[in-house]
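Q: Mind looking over this structure? Questions follow.
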Amino acid sequence: MTVIKFSKAWRDEGNPEAEFRTVDDFGRYMFRFLAEYEFDGRIFSISFWAYDIADAERRIARMRGSLNLQGQIFCEA
Numbered sequence: 406m407t408v409i410k411f412s413k414a415w416r417d418e419g420n421p422e423a424e425f426r427t428v429d430d431f432g433r434y435m436f437r438f439l440a441e442y443e444f445d446g447r448i449f450s451i452s453f454w455a456y457d458i459a460d461a462e463r464r465i466a467r468m469r470g471s472l473n474l475q476g477q478i479f480c481e482a
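Residues in the sequence shown are numbered consecutively from 406, following my numbering.
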């Protein structure tokens with residue numbers, strides 16, 4: 406996966422590749438974002454869907470206060 410900085414992404418006119426954009430139930434576009442966190446001196450990341458950069462920032466703020474472990478993933482159908 407290639408990660409580009411927001412400043413470059415918002416200057417470019419192109420859209421993300423198809424696997425990094427989707428449409429919600431109301432026909433609005435959503436895009437994949439990446440967040441990083443540090444744990445035991447190492448950097449890890451998660452990806453998530455949001456409508457835009459402001460929405461991504463709101464979602465990260467909400468994750469800080471309400472993220473809960475749901476279990477281990479063994480496969481994907």
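Here a beta-carbon is modelled for each residue, glycine too, at the ideal position from N, C-alpha and C. These numbers were taken from a predicted model, which means no experiment stands behind them.
Quick one: grab the DSSP three-state call for F425.
A: Three-state DSSP puts F425 in a helix.
Q: Within 10 angstroms of the Cβ of F449, are there 16 or more other Cβ atoms? Answer buried if so, exposed if not.
A: Exposed.
Q: Determine the closest residue to F431 out of E441, A423 and Y456, with distance taken between C-alpha atoms.
A: Minimum Cα distance to F431 is reached at Y456.
Q: Can you check whether the CB of Y434 is closer than 8 Å to the CB of R447?
A: Not in contact: R447 and Y434 (Cβ atoms no closer than 8 Å).
Q: Within its chain, find whatever has a CB closer than 6 Å to the CB of A440; leave out the 5 residues flanking it on each side and keep chain order.
A: Result list for A440: I451 and I465, in chain order.
Q: In terms of residues, what are the limits of the alpha helix (DSSP H) holding E443?
A: From DSSP, E443 is part of no alpha helix (DSSP H) but of the beta strand (DSSP E) over Y434 to F444.
Q: Taking the beta carbon of A423 as the centre, do at least 16 other beta carbons fall within 10 Å, making it buried, or is it exposed?
A: So A423 counts as exposed.
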